[in-house]
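One structure is given below, encoded as structure tokens.
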Amino acid sequence: KQEVTQIPAALSVPEGENLVLNCSFTDSAIYNLQWFRQDPGKGLTSLLLIQSSQREQTSGRLNASLDKSSGRSTLYIAASQPGDSATYLCAARRAAGNKLTFGGGTRVLVKP
Amino acid sequence: DGGITQSPKYLFRKEGQNVTLSCEQNLNHDAMYWYRQDPGQGLRLIYYSQIVNDFQKGDIAEGYSVSREKKESFPLTVTSAQKNPTAFYLCASSISPLGYEQYFGPGTRLTVT
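One line per chain: the protein sequences are A and B, in this order.
In our numbering, each number is its position in the first sequence, counted from 1, plus 7.
Reminder that position 106 of the second sequence reads as 86 in our numbering, one-by-one numbering, no gaps.
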């Protein structure tokens, strides 16, 4: 059974610092992994989808890496801004038609 | 404007009452999903539907029911059999169930007292 863990549960950084968010999964046989952002009381916004054949995916200041052999994905956010404050969740999919398994999320606060 | 709508945003019910949460999408997506989120936790899958008139149980289906009579709509009923119904409920859709990105609605916060 796939388990997804995100540590730490909360993170506080000064504005301008790079953010590094971790996601670990127990079953390396994943199909893809998706990173989401969630603002308080809101739904999820998809940030990046990284396929199992990819090592990384980039969008603007965001970069996600995937290392299946070690069961880890990392989301990097360059030059953080107060507007990046939110909860970030990762979710792994085991097979093409299978469900997403979510981590518990990392709550990020970027202080001006 | 394409997207997923959920209504209402906040819902209050007395214990013992059934309640139905609405989810509508105009993205022409085949697959739709219902998740539950408890404070400080990730999402858990309740039910999903890969195509009209078909749906499957997720990890925590007990006390919930769904229907998929139209492609655009996937309502979730929280029955009185659900022991801890107070939670944030999120609906999602994807173009197909075959590993594509899931897109989420704004959520409904249900409080049962």
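Cβ coordinates follow ideal geometry from the N, Cα and C atoms, glycine included.
Flag this pair as touching only if the stretch 22 to 40 of chain A and the stretch 68 to 84 of chain A have three or more C-beta atom pairs under 8 Å; answer yes or no. Yes, the stretch 22 to 40 of chain A is in contact with the stretch 68 to 84 of chain A.
Given a threshold of 16 other Cβ atoms within 10 Å of its Cβ, counted over all protein chains shown, does Ile37 (chain A) qualify as buried or as exposed? Buried, since its Cβ has 16 or more Cβ neighbours within 10 Å.
CA-to-CA distance, Lys37 (chain B) to Arg16 (chain B), given in whole angstroms: The straight-line gap from Cα to Cα measures roughly 13 Å.
Taking only three categories from DSSP, how would you classify Pro(-12) (chain B)? Pro(-12) (chain B): coil per DSSP, three-state reduction.
In whole angstroms, give me the CA-to-CA distance for Asp(-8) (chain B) and Ser2 (chain B). Note that residue -8 (chain B) corresponds to Phe in the displayed sequence, not to Asp. Approximately 14 Å between the Cα atoms of the pair.
Does DSSP put Asp91 (chain A) in a helix, a strand or coil? Residue state for Asp91 (chain A) is assigned as helix, using DSSP reduced to three classes.
Rank A:Lys8, A:Ser19 and A:Gln9 by C-alpha distance to the C-alpha of Tyr95 (chain A) and give the top, closest one. Closest option to Tyr95 (chain A), judged by alpha-carbon separation, among A:Lys8, A:Ser19 and A:Gln9: A:Ser19.
Could you spell out the range, first to last residue, of the beta strand (DSSP E) harbouring Ile31 (chain B)? That run of the beta strand (DSSP E) goes Leu23 to Ile31.
Can you tell me whether Asn33 (chain B) sits near the ligand ATP, meaning its C-beta is under 6 Å from at least one heavy atom of the ligand? Of the ligands one can find in the structure shown there are none, so the ligand ATP has no counterpart to examine.
Anything in chain B within Cβ reach of Gly50 (chain A), meaning under 7 Å, just list it in chain order. By Cβ distance, chain B contributes Leu70, Phe84, Gly85, Pro86 and Gly87.
Which word fits Tyr(-10) (chain B), buried or exposed, when buried means at least 16 other C-beta atoms lie within 10 angstroms of its C-beta? Exposed.
When you compare the CB of Gly22 (chain B) with every CB in chain A, is at least one pair closer than 7 Å? So yes, Gly22 (chain B) belongs to the interface.
So the candidates are A:Ser92, A:Asn25 and A:Thr65; which of them puts its Cα closest to the Cα of Ile116 (chain A)? Correcting the residue identity first, residue 116 (chain A) is Leu in this sequence and not Ile. Nearest option by C-alpha distance: A:Ser92.
How would you list, in chain order, the residues of chain B whose beta-carbon sits under 7 Å from the beta-carbon of Phe109 (chain A)? Under the 7 Å cutoff, chain B gives Gly22 and Leu23.
Evaluate Asn39 (chain A) with the Cβ neighbour count: other Cβ atoms within 10 Å of its Cβ, from every protein chain shown; 16 or more gives buried, anything less gives exposed. Looking at its Cβ environment, which holds 16 or more other Cβ atoms inside 10 Å, Asn39 (chain A) is buried.
Test: Glu49 (chain B) CB closer than 7 Å to a CB of chain A: Residue contact with chain A for Glu49 (chain B): absent (no Cβ-Cβ distance below 7 Å to any residue of chain A).
Beta-carbon separation (whole angstroms), Arg68 (chain A) vs Ile84 (chain A), contact threshold 8 Å: Right, their Cβ atoms sit about 6 Å apart.
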